[in-house]
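Participant: Counting along the sequence shown from 1, when you hit position 141 you're at 124 in our numbering, and nothing is skipped either side. Using N, Cα and C, we set each Cβ at its ideal position, and we do this for glycine too. Here it is: the structure, laid out below.
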Amino acid sequence: MIHDHFVCERKLPFTNEELKERMASMPYCGQDGLRMLFLPPRMTTQNADEFCFVYRQIMDTDYDTIVIIEPDSWHAKRKIQLLAGRSVETPSGPVPLDERLRDDFCDEEDDFYIREDADVTHLGFFDHLQMLQLTQNDFSVVGMQLMDESPPIVQELTFVLKEIMPFKNGLIVFCCEMPAQYQDTFDKLTRAISEENDTRLNNLIYSGESHIHGAGVFLSGVMAARYREREIRFYRTSSGNPDDNLLSAHAGFPDR
-16 MIHDHFVCER KLPFTNEELK ERMASMPYCG QDGLRMLFLP PRMTTQNADE
34 FCFVYRQIMD TDYDTIVIIE PDSWHAKRKI QLLAGRSVET PSGPVPLDER
84 LRDDFCDEED DFYIREDADV THLGFFDHLQ MLQLTQNDFS VVGMQLMDES
134 PPIVQELTFV LKEIMPFKNG LIVFCCEMPA QYQDTFDKLT RAISEENDTR
184 LNNLIYSGES HIHGAGVFLS GVMAARYRER EIRFYRTSSG NPDDNLLSAH
234 AGFPDR
């Protein structure tokens, strides 16, 4: 069953006022040309600061459309799913779904499908949408779920993002996370990214050594950032807490 209008009653672990205060207290890094964010799918009391820091970076930039990509495993035969409908409503109000952009994705490649199941309450899409409502004015959104993180599907996703998004005043949120207990692997990942060593990067991702939840989403984001000459800047590069996430980041122009 396809819903024309989603209503999300999920509440974030903090009120809008508390989140606004947290964002206001976060430093602004001044990186121009932000087009990609990397964050966990869901906000918790533990990771709220990294959500607030990363979303603080886009408070002074207006985007017309925003794509939220996350891993999911609902329907393996349909490799990449997009939320159906015309609008979605959170406790902060309604937001239109970008039907034209969604159709563009589906027209571009065969593995993009409109999601037909009604149960999407587990998706991190709704957490990010509420944060976007605190930082953006008028915008539309696309919810995308990567069901298959195999190399061909990740390459297909990356290709479509490269083909479509550079012509939009858009932002992409890549949902992924990696516990800090795998610090050594994170160091290898960041080195491979900075050296543009795709062989090493793919080996880390697909060997399972990276321990990334949403590894295919992360890899697609890295490739899309490189294509658009964006530099990924991580919220943290180490942590004494092994449960902290290391992948929160924003990607914009490198310093000139």
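Taking the alpha carbon of residue 83 as the reference point, which residue from 77, 126, 56, 94 has its own alpha carbon closest?
Facilitator: With distances taken between Cα atoms, residue 83 lies closest to 126.
Participant: When you compare each of 209, 105, 133 to residue 237 by their alpha carbons, which one comes out closest?
Facilitator: Taking only the C-alpha atoms, the option nearest residue 237 is 209.
Participant: For my contact list, residue 52 and residue 96 are in at a C-beta cut-off of 8 Å; report their separation, rounded to the angstrom.
Facilitator: Rounded, the Cβ-Cβ distance is 14 Å, inconsistent with contact.
Participant: Quick check: the Cα distance between residue 113 and residue 73, rounded to an integer number of angstroms?
Facilitator: Taking the straight line from one Cα to the other gives about 7 Å.
Participant: What is the C-beta distance between residue 157 and residue 47, in whole angstroms, given that I count them as a contact (C-beta under 8 Å)?
Facilitator: Rounded, the Cβ-Cβ distance is 19 Å, inconsistent with contact.
Participant: Would you kindly report the start and end of the unbroken beta strand (DSSP E) that includes residue 156?
Facilitator: Start and end: 153 to 158.
Participant: Measure from the alpha carbon of residue 118 to the alpha carbon of each residue in 154, 204, 227, then state which is nearest.
Facilitator: For residue 118, the nearest C-alpha among the options comes from 154.
Participant: Select from 107, 38, -13 the residue whose C-alpha is nearest the C-alpha of residue 5.
Facilitator: The option with the nearest alpha carbon to residue 5 is 38.
Participant: Let's see if you can read the secondary structure: which residues bound the alpha helix (DSSP H) around residue 177?
Facilitator: Per DSSP, residue 177 belongs to the alpha helix (DSSP H) from 166 to 178.
Participant: Using only the alpha-carbon positions, how far apart do residue 128 and residue 55 sit?
Facilitator: One C-alpha to the other measures close to 6 Å.
Participant: Between which two residues does the alpha helix (DSSP H) containing residue 199 stretch?
Facilitator: Per DSSP, residue 199 belongs to the alpha helix (DSSP H) from 198 to 210.
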